[in-house]
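To start, the structure under review is shown below, and the notes come after it.
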Amino acid sequence: MAFIEIERLERTIGGLQILKGVDIRLEKGGFLVLVGPSGCGKSTLLNAIAGLQPPTAGDIRIDGQSVLGLHPSKRDIAMVFQSYALYPNMTVAGNIAFPLEMAGVPAAQRAVDVAAVAKTLQIEHLLDRRPGQLSGGQRQRVAMARALVRKPRLFLFDEPLSNLDAKLRVEVRAEIRRLHQATGATIIYVTHDQIEAMTLATQIVVLKDGVVQQAGAPAEIYNAPANMFVADFMGAPAMNMLPGTVGLDGQTLQLEGAEVALPLAVTLEPGRAVTLGLRPEAVSAERAPEGVALELPVEMVEPTGSDVFLGLRLGARLITARLPATAEVGARQAVWLDLSRAVLFDSRSGARIG
Ligand SMILES: Nc1ncnc2c1ncn2[C@@H]1O[C@H](COP(=O)(O)OP(=O)(O)O)[C@@H](O)[C@H]1O
Ligand SMILES: [Mg+2]
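Heads up: the sequence shown begins at 4 in the numbering used here, then just goes up one per residue.
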């Protein structure tokens with residue numbers, strides 16, 4: 004039995020099915036990141052767990068007990084939203100202490116708990132201020148402190164960083180990661196940012212149109228995506244997707260502008276439409292023993308500091324290659340396609356073949 008068990012969860016709003024039978028399992032102390040494009044049902048799922056929007060079918064169990072009959076206040080869950088409503092007339096300390104006050108915790112104990120969480124989040128110097136006197140990042144930290152102070156059995160975060168600027172996002176992200184490691188809290192965290200997902204999660208669940216596409220460890224999602232949607236959604240720049248046709252021998256693949264050996268032990272049906280997926284790092288200047296060497300026209304150069312991404316012309320499409328920033332880039336670039344790192348999809352169903 005997993006600590007959190009979400010089973011065949013459905014939610015229909017106005018005749019429209021938003022969640023279509025979602026299954027999720029999470030162990031105690033796990034950090035599950037739910038990712039997916041805008042409108043796929045992430046917030047709907049979180050709200051169902053918190054008890055703010057009841058599901059139309061299915062079950063949600065925490066520690067073996069269904070919580071569906073429980074009022075939100077009785078579920079022992081804390082939620083942090085994208086827009087964090089702090090009480091403007093209360094001090095930061097008052098805001099953080101508020102959930103404890105509601106729970107009937109005596110004042111002396113409240114003071115001890117607030118001081119402890121403020122220390123963890125490094126906001127001790129802000130305790131006497133009011134929300135209006137804080138920056139966005141500071142306010143978000145106060146909102147987190149308010150959620151953390153209760154030590155609930157489950158935390159829900161709904162895109163908590165999306166209102167912060169890029170630098171602050173990275174800082175608060177690191178802080179959330181540290182907090183998880185220090186407290187061992189169980190967390191379900193929603194984001195549409197796949198870098199946030201890769202860096203924070205012990206488990207990633209990819210949702211599309213209310214259907215779970217894949218659940219797994221970050222490396223599993225990145226290296227062995229279940230289908231073309233997951234492959235394309237996770238990773239930036241995106242995975243190169245090269246459509247082709249299986250050759251007459253069943254072991255080669257005719258791509259536009261190249262012929263490659265199929266990166267599979269099995270023989271496929273000749274003529275089958277398949278798509279070869281190659282991450283940018285599998286298209287590089289490094290010699291790949293199980294690879295194909297190509298020399299391609301350079302049409303785009305994108306330096307990122309540590310690396311340079313090149314857009315190379317292959318047939319009708321541009322493929323992204325990743326080279327060290329020190330690489331000397333000319334009008335043409337010799338690259339290796341490392342087929343040992345390739346994944347193959349059925350072009351019609353989008354499912355991974357190998
Ligand atoms: N109260 C509501 N009434 C009607 N449609 C809703 C309501 N809440 C959400 N939806 C619809 O449900 C879908 C999923 O929404 P949401 O869970 O907010 O997506 P996400 O958080 O992944 O961006 C969207 O198409 C949205 O328009
Ligand atoms: Mg949302």
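Don't be surprised by glycine CBs; every beta carbon is placed ideally from N, CA and C.
In this text the structure is predicted, and so the values were computed from the model without any measurement.
Counting the other Cβ atoms within 10 Å of the Cβ of ASP131 gives fewer than 16, which makes it exposed. A distance below 7 Å between beta-carbons, with the five flanking residues on each side excluded, links SER309 to the following residues of its chain, in chain order: ALA328. In the DSSP annotation of this structure, the continuous segment of the alpha helix (DSSP H) that includes PRO102 starts and ends at 95-105. Counting only runs that start and end inside the stretch 197-284, the beta strand (DSSP E) elements of at least 3 residues fall at 206-211, 214-219, 243-249, 255-258, 261-264 and 276-281. By the C-beta density criterion, GLN216 is buried, having at least 16 other C-beta atoms within 10 angstroms.
Taking non-hydrogen atoms of ligand 2 into account, the C-beta of LYS211 is found less than 7 Å away from none of them. Listed in chain order, the non-local C-beta contacts of ILE356 below 8 Å within the same chain comprise LEU267, LEU271, VAL277, LEU347, PHE348 and ASP349, local neighbours out to five positions each way being set aside.
Contact between VAL263 and LEU342 holds: their C-beta atoms lie close to 6 Å from each other, under 8 Å. The set of residues with any CB-heavy atom separation to ligand 1 below 5 Å comprises, in chain order, ILE16, ILE21, SER41, GLY42, CYS43, GLY44, LYS45, SER46 and THR47. Rounded to whole angstroms, the gap between the alpha carbons of GLN20 and ARG14 is 6 Å. Apart from sequence neighbours up to five positions away, the residues of its chain that approach LYS31 with a beta-carbon distance below 7 Å are PHE6 and THR189, ordered along the chain. Around the beta-carbon of GLY33, 16 or more other beta-carbon atoms lie within 10 Å, marking it buried.
Listed as beta-bridge partners of ALA60 by DSSP are GLU13.
Between ALA81 and the set ALA169, ALA285, ALA334 and ALA150, the nearest pair of CA atoms involves ALA150. In the DSSP assignment, the residues bridged to TYR192 are VAL36 and PHE160. Going by DSSP, GLY294 is part of the beta strand (DSSP E) stretching over 294-306. In the three-state DSSP reduction, PRO134 falls in the helix class (H, G or I). Taking GLY314 as the centre and dropping the five residues before and after it, the same chain places the C-beta of GLU302, MET303, LEU321 and THR323 closer than 7 Å to its C-beta, in chain order. In chain order, PHE34, VAL36 and PRO221 place their CB closer than 6 Å to the CB of ALA204, counting only its own chain and leaving out the 5 sequence neighbours on each side. About 12 Å separates the Cβ atoms of ILE191 and ALA200, ruling out a contact at the 8 Å cut-off. Approximately 4 Å separates the beta-carbon atoms of GLY260 and GLY318; this is inside 8 Å, confirming the contact.
Following the DSSP letters along the chain, one finds ASP79 in no beta strand (DSSP E), marked with neither H nor E.
In this structure, DSSP gives THR329 a state outside helix and strand, which the three-state scheme calls coil. Look at the beta carbons and you see the stretch 170-188 not touching the stretch 22-30: under three pairs across the two are nearer than 8 Å. With respect to LEU299, VAL311 sits apart: the two C-beta atoms are not nearer than 8 Å. Here GLN336 is buried: its Cβ has 16 or more other Cβ atoms, across all protein chains shown, within 10 Å. With a cut-off of 8 Å on Cβ pairs, the stretch 130-147 is in contact with the stretch 88-103, counting three or more such pairs. LEU281 and MET242 have their C-alpha atoms some 6 Å from each other.
A direct Cα-Cα distance of roughly 35 Å separates ASN226 from THR59.
A contact between stretches requires three or more CB pairs, one per stretch, nearer than 8 Å, and the stretch 39-47 fails this requirement with the stretch 114-132.
The C-beta separation of ARG113 from LEU103 comes to about 5 Å, placing the pair in contact by the 8 Å criterion. The C-alpha of TYR90 is placed about 9 Å away from the C-alpha of ARG133.
In this model, VAL269 and ARG156 are separated by some 47 Å (Cα to Cα). In this structure the stretch 64-84 touches the stretch 152-171; the number of beta carbon pairs closer than 8 Å is three or more. Here ILE224 is buried: its Cβ has 16 or more other Cβ atoms, across all protein chains shown, within 10 Å.
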